[in-house]
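Note that the sequence shown covers residues 194 to 369 in the working numbering.
Here is the structure we will look at.
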Amino acid sequence: MSRRWLQRFVPTREKLQHARSLRFMRHWLDDPALWVLTRRSVAGACTVGLFAAMLPIPFQMVLAAVGAYGFRGNLPLAVSLVWLTNPLTMPVIFYFNYRVGAWLLDYPAREVPQHISTAWIADQMAHVVVPLYVGSVVVGLLLALISNVLVRLIWRWQIARSWRRRARRRQRRQPR
Numbered sequence: 194m195s196r197r198w199l200q201r202f203v204p205t206r207e208k209l210q211h212a213r214s215l216r217f218m219r220h221w222l223d224d225p226a227l228w229v230l231t232r233r234s235v236a237g238a239c240t241v242g243l244f245a246a247m248l249p250i251p252f253q254m255v256l257a258a259v260g261a262y263g264f265r266g267n268l269p270l271a272v273s274l275v276w277l278t279n280p281l282t283m284p285v286i287f288y289f290n291y292r293v294g295a296w297l298l299d300y301p302a303r304e305v306p307q308h309i310s311t312a313w314i315a316d317q318m319a320h321v322v323v324p325l326y327v328g329s330v331v332v333g334l335l336l337a338l339i340s341n342v343l344v345r346l347i348w349r350w351q352i353a354r355s356w357r358r359r360a361r362r363r364q365r366r367q368p369r
């Protein structure tokens, strides 16, 4: 992952400090470790952000921000990764999490009828909640672990590649 590429998408420290919704976290936002893009901070941000994104709870961004503070991850990246579950992708992701939870708990998975009503949703909620949360936690933990390992491996691979390139350039410049 290129640091320059990531910095194009990450909001600035000043922009987040002036956000009205983040006033309660203003003292946390002063910590410079939350704004650095290093291998560890990006891996930690991916871990926390993707885990929080998989949970079917309100205020996922707050959970990601607190997790980034605790794990010393990059705060803007962790918070922005939560938007993986946006209103368009949320039904698909949470249905997948429900199916994983139903499979793990050996529950019969409920099928969706042709016409969905609020009464049907309220009736099914008691049967769906436990597999949904179990599946969400398991998928979140797996996704967090895989993303952490992948970020660290890709980061190391890119550093090694840039070192090799520099070494080749130095060899070409030296007279023989």
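Glycine is no exception: its CB is placed at the ideal position from the N, C-alpha and C atoms.
Because the structure is a prediction, the values reported are computed rather than measured.
- For the stretch 209 to 274, list the alpha helix (DSSP H) runs that are entirely contained and at least 4 residues long, ordered along the chain. 219 to 222, 232 to 247, 253 to 264, 268 to 274
- Query: Over what stretch of residues does the alpha helix (DSSP H) that includes GLN367 continue unbroken?
  - Reply: Premise fails: GLN367 is in no alpha helix (DSSP H) and is neither H nor E.
- Item | Closest residue to GLY242 among ALA257, VAL332, LEU346, TRP348 (Cα-Cα distance) | ALA257
- Query: Can you round the beta-carbon distance between GLY328 and LEU297 to whole angstroms, since I take them to be within the 8 Å contact cut?
  - Reply: 7 Å
- Message: Taking only three categories from DSSP, how would you classify SER310?
- Response: coil
- Pairwise C-alpha distance: CYS239 and TYR262: 13 Å
- Message: Please list the terminal residues of the continuous alpha helix (DSSP H) segment that includes TRP296.
- Response: 283 to 298
- Task: Taking GLN351 as the reference, give the member of ARG363, PRO284, ARG232, ASN267 with the closest Cα.
- Result: ARG232
- Task: Return the chain-ordered list of same chain residues with a C-beta closer than 6 Å to the C-beta of PRO370, the five sequence neighbours on each side being excluded.
- Result: Outside the modelled stretch of the chain, which goes from 194 to 369, sits residue 370, for which no answer is possible.
- How about PRO324 and ALA360: do their beta carbons lie closer than 8 Å? no
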